[in-house]
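These notes concern the structure reproduced below.
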C-alpha cells in the first residue's frame, strides 16, 4: 500500500475529522478497498479511535475491507430490476464467474456485488461494470458482458 | 473558437439526451458521430449539438430531439447518424424510420408533444429537461434561472417568501408530504444556540428502489436546486447548505459540482450574492451506500461524519439539526419547485392539483410497462391515465395486476383501484404512500408474496440495527415470507405476519422500521388469495417462486413444431436437458436448478412451467 | 471572473435567450425555407442560408423559423426559398443572391410586403412543420 497517497488524501481534507467519510471514500477509490494500514493512519491522523473508523467502514456498503476486482460488477436488485428478473441475472453471473455475490475472482479481474437501485430503472434489469451502466441485461446476455471486459 | 460563442445563432439545435439511461445506451458516441458528420457536410456553422439532461423516456434511448420543430428521434445507433444528418439536417427531410410509433398507432409520430407519453405531462420541477445543457449556467439563466433569486433577494422579505411558499400548498416531495412553508417557518422561528447559524440541507439520498427523479433533476437542471436552496436560505436565515447525494449517482455529483463552481464564479453563491449583501454557500456530501441515510436524522449524522443511525424525534431538525443548529431539510424535487413558485406566484401553483395536494409530482414509471421513464403530472391524475395513456399499458397484452408506490415504505395498489386519483391522502388511504414517487407496475406474472418478501429482505438488510423491533422484527417477518415462498408455510403464518407487522409499526424508532411492514400489510389486504395458494396448494400462481416451479418439455411440441431445435439444451445452466436435434428433449428434474432459461429461449412454447 | 450584479445577470439572460429561443419550438411568426437539394446547394443555396442566419443574428430576430428542405423541383431557377408568413399563402423566390436574400428578409419577412420582382409565384404548396 502506498502510504504517500493516504497522506495526500488526508491533506486534501486538511485532516478534518468531520470529513472522515469523504476521506474513506477517496481511499476506497484509490485502492479499491480500505487497507488495514490506511485505516490505522486515518485513525491516528484524525485522532478518531480505530474502533470508530472500523464501525464506519463496516456500516456503509460503499466500503470494503477486502480488495475488489479490476472490474467490479454490480447487479442492481432494485424493485424494477427485481420484477424483471434481476435475481436470476445475479445467479447467472455467480455461475459464469464461479464466485458468490460479495466475492472477487482469484485472478482479481472481477468482483461481484448486488446493489440497491442505481436509478436506471427505465432500462431494467441493470448491471454496472465499473462506472458503465448496462441496461436490459438478461441471463443470456450476461456471459457476453463479462467477455467485453476481458483484457 | 467563434462557433461556440454565446451569441452565435444556429438554425438547428440537436438536443442529445445525456441522462444516465441514454449515456448507458451510448448517447455520447451518438453526439460525437453527429458532430463528425455535421462537420463533414460543412454544417458546423448552422447546426449545433447540445447534450441535455434526462428526457424521461428512458425506454427509447438514446434520444435526440431536433429544435426548432421538436422532432423526436429514438433508439439511434452510431451507424444511423450519416443517413440522418444527410437527410434531415442537410436536405431537410424528416427520417421517419428513427421516429417513435406508439403501441396503439400504425404510423410514427414525429413531434415530441404529440407523443402520448409526453402529451399529458405538466413540467414544473422538470421544466428544463431536454432544453438546456446542464453544464452551462448561461443556458439555465436564459430559461429564467436565478430570476426568482433576484426577486427573493431584492423585493421580498423572509416572511414574504415563507408566506408565498405556504400559500402555494407545496408539500415535501421526499415522501411524508410535510407542508414546506410550515417547515421553513419553524426553522425561521427556532432560536439558534451557541453562536447562531442555521443550515439548509438538500436530501438527494434517493434510496427508494424504483425511484430516480432526484438523480434526473440533479443531472438535467442542477441550477434549479441550487437556486431553490439559496431562496430557502434567505427565508430561514441560513449561511451554509449541504447537498447529500447518493454514492451510486456519480454523474449527478459531477454535474452538481460543475454547477456549484459556475454559480460561485458568477457570484450567485458565496459572499455578497449579486451585490445584495446576502452570504450563502453550498457543499456536496457524498453518501456511502446506506439506505437509512435517507431518513433525516440519519442523514445529518452522516454529514457530520458519524454512523448513519437515526435518533428519536423530537427534537426535530427544525429545532436541533446539524451540529445542534436549526436545520431545514427538503428533498431535491421540493427545492426544484421553489423558484417556479417565487417566479409565478403561489396562486398559480395552487391552481394545479387537488384540494390538499397542490402542484405536480414526478413519478418514475417502471416495471412491467411499455413506456418506462420519468413523468411529471398534476396531482389528482388517475392511475389509469398514468398507466395507460402515458405509460402505454402493459407489454405483451398481459393483465395489469398492481402498482407499487412509496418504495419499501409503501404498498401495492390493486387493479380495482385503477381510477384512484393520485394525491397524498388517497394513496395513504389505499394503504400505500406517495413516497418519493416510484411507481413499479406489476402484471399477471408478478407474484405478490415474492414482492412482499423482496421488500422485507430489503428493509431487513438496510435496517441500521439500533432498535429491536426493526432489527429482529423484520428478520422474523422475512423468515415467514421465505418459508411461504418455499412452499413450507402454514395456515398460522398469515396471522403471525399480521401481528408482527402491527407491533413493528407501533414500536420501531424511525420511519424505516415503522413503514417496513406496509408492503406485507397491503399485499395481505388485497392479495390474500396468493398467500393462501402458496400455503395450501404449494404453488406460486405467477410461477415466480422458483422452488415451487416444475419445468417440463412437451415432447410433441418440441419435435413437431420446434424440430428438437436443441437451443434449450445448449443454454441450460446445469446440463439438466438431454436430447438431440429432431428429437424430443427432456429435463432431468434432479439436475434442474430452475433458472428458467429454457423457458425464455424456447421459441415454440414447448417448455412448460407448473 | 468578476462577480455579477443583477443587471449583468439580466444581460446574460437576454443574450443567451436569443440563441436558445429556437429550442422552444413554437410561436414563430414566419418561416424561411431554403431549398437545399443537391442542385440547390450546387447553385449556391448554402450562401443564401448563411445570409439568412446573418440577418437573424444582426437584426436580433427570434420569431422567424429558418429551415431547409430538399429540391423544390425547379432546378433551373435555384437557389430558391419559400417564405411563409403565418396566416398567409407561401411565396417562392427564385434565382437568389445574397443581396436579394437580404432584401427579401427586410421587405417581406420583416415588412410583410412581397418582393414581386424576385417572386416565382404565390400560393404554392405549404409545408407541414
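Chains as they are written, first to last, in our numbering: chain Z, 1 to 151; chain L, 1 to 610; chain W, 1 to 129. All C-beta atoms, glycine included, are put in the ideal place defined by N, C-alpha and C. Quick caveat: nothing in here was measured; it's all calculated off a predicted structure.
Which value, in whole angstroms, describes the spacing of the CA atoms of residue i and residue j?
| i | j | result |
| --- | --- | --- |
| residue 534 of chain L | residue 122 of chain Z | 31 Å |
| residue 62 of chain Z | residue 254 of chain L | 18 Å |
| residue 115 of chain W | residue 140 of chain L | 40 Å |
| residue 326 of chain L | residue 458 of chain L | 32 Å |
| residue 64 of chain L | residue 101 of chain L | 15 Å |
| residue 64 of chain Z | residue 98 of chain Z | 20 Å |
| residue 314 of chain L | residue 165 of chain L | 24 Å |
| residue 74 of chain L | residue 130 of chain L | 14 Å |
| residue 141 of chain Z | residue 373 of chain L | 23 Å |
| residue 445 of chain L | residue 107 of chain L | 30 Å |
| residue 536 of chain L | residue 546 of chain L | 17 Å |
| residue 128 of chain L | residue 220 of chain L | 7 Å |
| residue 603 of chain L | residue 38 of chain L | 43 Å |
| residue 65 of chain W | residue 23 of chain L | 31 Å |
| residue 4 of chain L | residue 40 of chain W | Only weak support exists for where residue 4 of chain L lies, its pLDDT of 45 falling under 50; the value from the coordinates is given anyway. Cα-Cα distance, rounded: 28 Å. |
| residue 479 of chain L | residue 519 of chain L | 15 Å |
| residue 138 of chain Z | residue 570 of chain L | 16 Å |
| residue 91 of chain Z | residue 34 of chain Z | 27 Å |
| residue 49 of chain W | residue 41 of chain L | 14 Å |
| residue 9 of chain Z | residue 96 of chain Z | 37 Å |
| residue 88 of chain L | residue 94 of chain L | 5 Å |
| residue 92 of chain L | residue 67 of chain W | 7 Å |
In chain W, which residues lie less than 9 Å from residue i when you measure between Cβ atoms?
| i | result |
| --- | --- |
| residue 150 of chain L | 6, 9, 10 |
| residue 15 of chain L | 23 |
Which residues does DSSP pair with residue i in a beta bridge?
| i | result |
| --- | --- |
| residue 17 of chain L | L/52 |
| residue 67 of chain L | L/13 |
| residue 578 of chain L | L/586 |
| residue 331 of chain L | L/203 |
| residue 100 of chain L | L/109 |
| residue 30 of chain W | W/64, W/85 |
| residue 608 of chain L | L/552 |
| residue 270 of chain L | L/280 |
| residue 119 of chain W | W/93 |
| residue 171 of chain L | L/179 |
| residue 286 of chain L | L/245 |
| residue 35 of chain W | W/69 |
Any heavy atom of the ligand COA within a distance shorter than 8 Å of the CB on residue i?
| i | result |
| --- | --- |
| residue 308 of chain L | You won't find the ligand COA in this model; it holds no ligand whatsoever. |
Chain B beta carbons: is any one of them nearer than 9 Å to that of residue i?
| i | result |
| --- | --- |
| residue 36 of chain L | No chain B is part of this structure, whose protein chains are labelled Z, L and W. |
Name, please, each residue of chain L whose Cβ falls closer than 8 Å to the Cβ of residue i.
| i | result |
| --- | --- |
| residue 94 of chain W | Simply none; closest approach about 18 Å. |
| residue 5 of chain Z | The premise fails here: residue 5 of chain Z is roughly 19 Å from chain L at the closest Cβ pair, so nothing lies under 8 Å. |
| residue 44 of chain W | The contacting residues do not exist; residue 44 of chain W stays about 13 Å from chain L at best. |
Listing by chain order, which chain W residues have their CB less than 7 Å from the CB of residue i?
| i | result |
| --- | --- |
| residue 139 of chain L | 16, 20 |
| residue 46 of chain L | 49, 53 |
Can you name the residues of chain Z whose CB is closer than 7 Å to the CB of residue i?
| i | result |
| --- | --- |
| residue 275 of chain L | Under the 7 Å cutoff, chain Z gives no residues; its nearest Cβ is about 31 Å from residue 275 of chain L. |
| residue 174 of chain L | Those do not exist, as residue 174 of chain L stays about 15 Å from chain Z at its closest Cβ, beyond 7 Å. |
Along chain Z, which residues have their Cβ under 8 Å away from the Cβ of residue i?
| i | result |
| --- | --- |
| residue 320 of chain L | Under the 8 Å cutoff, chain Z gives no residues; its nearest Cβ is about 18 Å from residue 320 of chain L. |
| residue 308 of chain L | 59, 60 |
Which residues in chain L have a C-beta closer than 7 Å to the C-beta of residue i? List them in chain order.
| i | result |
| --- | --- |
| residue 13 of chain W | 141, 142 |
Taking beta-carbon pairs under 8 Å, can you tell me which members of the segment 46-63 of chain Z lie near chain L?
Listed by position along the chain: 55, 56, 59, 60, 61, 62, 63.
Taking any Cβ of chain Z, which residues in the segment 247-260 of chain L have a Cβ under 7 Å from it, in chain order?
Taking 7 Å as the Cβ-Cβ cut-off against chain Z, the residues of the segment 247-260 of chain L that qualify are 247, 248, 249, 250.
What residue ranges within the segment 61-133 of chain Z form continuous beta strand (DSSP E) runs of no fewer than 3 residues, ordered along the chain?
Those beta strand (DSSP E) runs which fall completely within the segment 61-133 of chain Z and span 3+ residues are 71-76, 110-115, 127-129.
Runs of 3 residues minimum, wholly inside the segment 180-206 of chain L: which ones carry the beta strand (DSSP E) assignment?
With a minimum length of 3 residues, the continuous beta strand (DSSP E) runs that stay inside the segment 180-206 of chain L are 199-204.
What residues in the segment 53-74 of chain W bring their beta carbon closer than 9 Å to a beta carbon of chain L?
For the segment 53-74 of chain W, the set of residues with a beta-carbon nearer than 9 Å to any beta-carbon of chain L comprises 53, 54, 56, 57, 62, 65, 66, 67, 68, 69, 70, 71, in chain order.
Sequence ranges, beta strand (DSSP E) only - wholly within the segment 38-91 of chain W, length at least 3:
Whole beta strand (DSSP E) segments, 3+ residues: 64-69, 81-85.
Ignoring anything shorter than 3 residues, give me the beta strand (DSSP E) runs that lie fully in the segment 346-426 of chain L, in order along the chain.
Runs found: 360-367, 373-378, 400-405, 411-414.
According to a CB-to-CB cut-off of less than 9 Å, which residues of the segment 100-124 of chain W neighbour chain L?
So the list is empty, because no residue satisfies the distance condition.
Against chain Z: residues of the segment 590-607 of chain L by CB proximity under 9 Å
Taken in chain order, the members of the segment 590-607 of chain L whose beta-carbon sits within less than 9 Å of a beta-carbon on chain Z are 593, 595, 596, 597, 600, 601.
Please identify, using Cβ separations under 9 Å, the residues of the segment 291-302 of chain L that lie next to chain Z, in order along the chain.
So the list reads 291, 293, 302, given in the order they occur along the chain.
The segment 122-135 of chain L: positions lying closer than 9 Å to chain W by Cβ
Residues of the segment 122-135 of chain L with a Cβ closer than 9 Å to any Cβ of chain W, in chain order: 130, 131, 132.
When you check each C-beta in the segment 82-108 of chain L against every C-beta of chain W, which residues fall closer than 7 Å?
Per Cβ criterion, the list reads 90, 91, 92, 93.
Can you list, in chain order, the stretches of the beta strand (DSSP E) that have 3 or more residues and sit fully within the segment 69-94 of chain L?
Uninterrupted beta strand (DSSP E) stretches at least 3 residues long and entirely within the segment 69-94 of chain L occur at 71-73, given in chain order.
If you scan the segment 421-468 of chain L from start to end, which runs of the alpha helix (DSSP H) of 4 or more residues do you find wholly inside it?
The alpha helix (DSSP H) runs of length 4 or more contained entirely in the segment 421-468 of chain L are, from start to end of the chain, 424-429, 448-462.
Residues of the segment 63-76 of chain Z with Cβ closer than 7 Å to any Cβ of chain L, in chain order:
For the segment 63-76 of chain Z, which is checked against every Cβ of chain L, the residues closer than 7 Å are 63.
Tell me which residues of the segment 58-71 of chain L have at least one Cβ-Cβ distance to chain Z shorter than 8 Å, keeping chain order.
Residues 58, 59, 61.
In chain order, what residues of the segment 124-141 of chain Z put their CB closer than 9 Å to some CB of chain L?
Residues 124, 126, 128, 131, 132, 133, 134, 135, 138, 139, 140.
Please name the residues in the segment 419-447 of chain L whose beta-carbon is closer than 9 Å to at least one beta-carbon of chain Z, in chain order.
Residues 438, 440, 441, 442, 443, 445, 446.
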